[in-house]
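Sequential numbering of the first sequence, starting at 2, is according to the numbering used here. Glycine residues also receive a C-beta, built at the ideal position from the N, C-alpha and C atoms. Remarks on the structure that follows.
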Amino acid sequence: MSEKLSKDFYARDAEKVARDLLGKLLIRDKRGSKTTGKIVETEAYLGKDDPASHTFGGKKTERTEIIYGPPGHAYVYLIYGMYHCFNVVTGKDGTPEGVFIRALEPVDDLDIMRKRRGLDSEDKGNLTDGPGKLCMAMDIDKSLNGEDLTGEKLFISERKSAKDFEITEAKRINIDYAGDAKNWKLRYLIKDNPFVSEKPD
DNA sequence: GTAAAGATCCACT
DNA sequence: GTGGATCTTTACT
């Protein structure tokens with residue numbers, strides 16, 4: 002068995018939460034179709050002082066409102082007109098920071114994930130190794146924006162096993178618009194895990 | 001109202 | 001490595 006992470010876990014700095022989310026289990030529970038993936042890659046977005054963040058400078062729009070709300074909620078948005086991205090809101094209520102989930106290692110149900118991704122292959126290496134892909138495989142879309150992650154539809158659980166991996170830090174991806182911040186090492190990966198979206202240098 | 005760009009993915013010259 | 005798909009969000013020529 003595993004234990005669902007509480008609101009306290011999320012109510013900390015994005016960098017700490019991003020590191021601690023590695024190795025945890027993301028669970029999507031729809032009636033009749035439950036999918037689980039181990040989190041293997043995250044990125045921290047630091048809010049008003051982070052040029053890469055949607056909330057840089059304290060910018061607040063209809064889309065980003067949820068990031069300013071209480072921790073432990075989902076921030077889901079559509080990118081490039083076709084893919085969803087899933088973030089976890091962190092920090093105290095009122096601070097606009099969060100953690101972007103970039104990749105999962107598929108745990109189950111692999112057949113459901115393949116079906117949602119439109120793949121037939123036995124290979125499981127390309128099911129959830131990217132932010133858009135994992136949202137497809139886990140059926141995460143804008144209807145889950147603002148969803149409470151201590152609820153039943155979408156939540157994250159601690160594994161009861163010992164921590165059995167090392168953490169690699171790397172630059173974040175595809176934020177060339179962010180100037181110097183693109184060099185900040187705010188991406189965290191499970192060292193040598195094959196299911197990450199992109200290997201670090 | 002209109003335009004420009006995007007925390008991506010996939011196919012391929 | 002490069003470019004196209006595709007459309008919401010955001011900021012204004």
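Leaving out the 5 sequence neighbours to the left and right, which residues in its chain are closer than 6 Å to MET137 when beta-carbon positions are compared? Closer than 6 Å at Cβ, skipping near neighbours: ARG117, ARG118.
Do SER158 and GLU44 have their beta-carbon atoms positioned less than 8 Å apart in this structure? Against a cut-off of 8 Å, the Cβ pair of SER158 and GLU44 comes out as no contact.
When the distance is taken between beta carbons, is SER7 closer than 8 Å to THR151? yes
Reduced DSSP category for GLU42 - H, G, I as helix; E, B as strand; rest coil: Taken through DSSP and simplified to helix, strand or coil, GLU42 comes out as strand.
Kindly confirm or deny that the segment 168-183 and the segment 80-88 touch, where touching means at least three C-beta pairs closer than 8 Å. no
Check this for me: beta carbons of LEU145 and ALA104, under 8 Å apart or not? no
Thinking C-alpha only, which one of ALA75, THR169, GLY133, PHE196 is nearest GLY82? GLY133
Taking C-beta to C-beta, are ASN194 and GLU106 nearer than 8 Å? A contact, by the Cβ cut-off of 8 Å.
Buried or exposed for SER162, please, with buried defined as at least 16 other CB atoms from any protein chain shown within 10 angstroms of its CB. exposed
My output table needs one value for VAL18: the three-state DSSP class, helix, strand or coil. helix
Test item: CB-CB of GLY258 and SER198 under 8 Å: One cannot answer for residue 258 here, as it falls past the ends of the chain, which runs 2 to 202.
Presumed contact (8 Å Cβ cut-off) between LEU27 and TYR189, rounded CB distance: With a Cβ gap of about 15 Å, LEU27 and TYR189 do not count as contacting.
Quick check on the DSSP output: what are the complete beta strand (DSSP E) runs of length 3 or more inside the segment 120-180, in order along the chain? 155-159, 168-171
What residue range does the beta strand (DSSP E) around PHE101 cover? 98-109
Assumed close pair VAL77, LYS143 - CB separation to whole angstroms, cut-off 8 Å: 6 Å
Compare the beta carbon distance of GLY73 and ASP149 with 8 Å and say whether it is the shorter of the two. yes
Taking 8 Å as the threshold (C-beta atoms), are ALA53 and ARG173 in contact? yes
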